[in-house]
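Beneath this line is the structure, given in structure tokens, with notes to follow.
In the numbering used here, the protein residues as written are 6 to 132.
Shown next, in the form of structure tokens:
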């Protein structure tokens with residue numbers, strides 16, 4: 006037997022050695038790890054969330070197009086809300102689109118009047 010093998014503990018000495026070791030200290034802790042986010046291949050299709058975003062964007066663009074087709078420069082707020090409701094799936098979404106269009110300057114809402122051509126209002130204010 007080689008010298009290395011003779012120095013290894015066997016029998017009771019091995020059991021003492023194992024009991025004396027702090028095996029919890031050297032263990033890998035995998036319970037706190039979070040699995041990596043799976044990257045989807047664009048060729049596999051789009052996620053439901055992305056499809057929902059695209060649908061909302063499409064609805065908003067159709068609504069903007071419909072508003073541009075109106076010949077008048079302003080309409081009553083109630084009519085504006087009604088136009089928004091026609092292109093939306095529910096009234097909450099319509100009211101959200103009303104806010105979005107006003108916030109991004111697509112229209113200007115002043116009280117009960119909605120100006121459909123903000124650039125014209127801007128020109129009038131600067132003259």
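No residue lacks a Cβ here, since even glycine has one placed at the ideal position from N, Cα and C.
Please read all numbers here as calculations on a predicted model, not as lab measurements.
Check, Outcome
"Contact defined as beta carbons within less than 8 Å: I believe residue 112 pairs with residue 121. What is the distance between those atoms, to the nearest angstrom?", "6 Å"
"For residue 78, which of helix, strand or coil comes out of DSSP?", "coil"
"Let me confirm a value: residue 38 is counted as buried when at least 16 other C-beta atoms fall within 10 Å, else exposed. Which label applies?", "exposed"
"Report the CB separation of residue 109 from residue 68 in whole angstroms; it is logged as a contact under 8 Å.", "At roughly 12 Å, the Cβ-Cβ gap does not stay under 8 Å, so residue 109 and residue 68 are not in contact."
"Can you check which of these residues, 128, 91, 85, is closest to residue 104 by C-alpha distance?", "85"
"Could you tell me the alpha carbon to alpha carbon distance between residue 98 and residue 89, rounded to whole angstroms?", "9 Å"
"Measuring CB to CB, does residue 114 end up less than 8 Å from residue 79?", "no"
"Would residue 93 pass as a contact of residue 74 if the rule is Cβ separation under 8 Å?", "no"
"If we ignore side chains and look at the alpha-carbon of each, how far apart do residue 125 and residue 77 end up?", "12 Å"
"Within the continuous beta strand (DSSP E) that includes residue 115, where are the two ends?", "113-115"
"Within 10 Å of its beta-carbon, does residue 106 have 16 or more other beta-carbons around it, so buried, or fewer, so exposed?", "buried"
"In chain order, what residues of the same chain have a beta carbon less than 8 Å from the beta carbon of residue 81, not counting five sequence neighbours either side?", "117, 118, 119"
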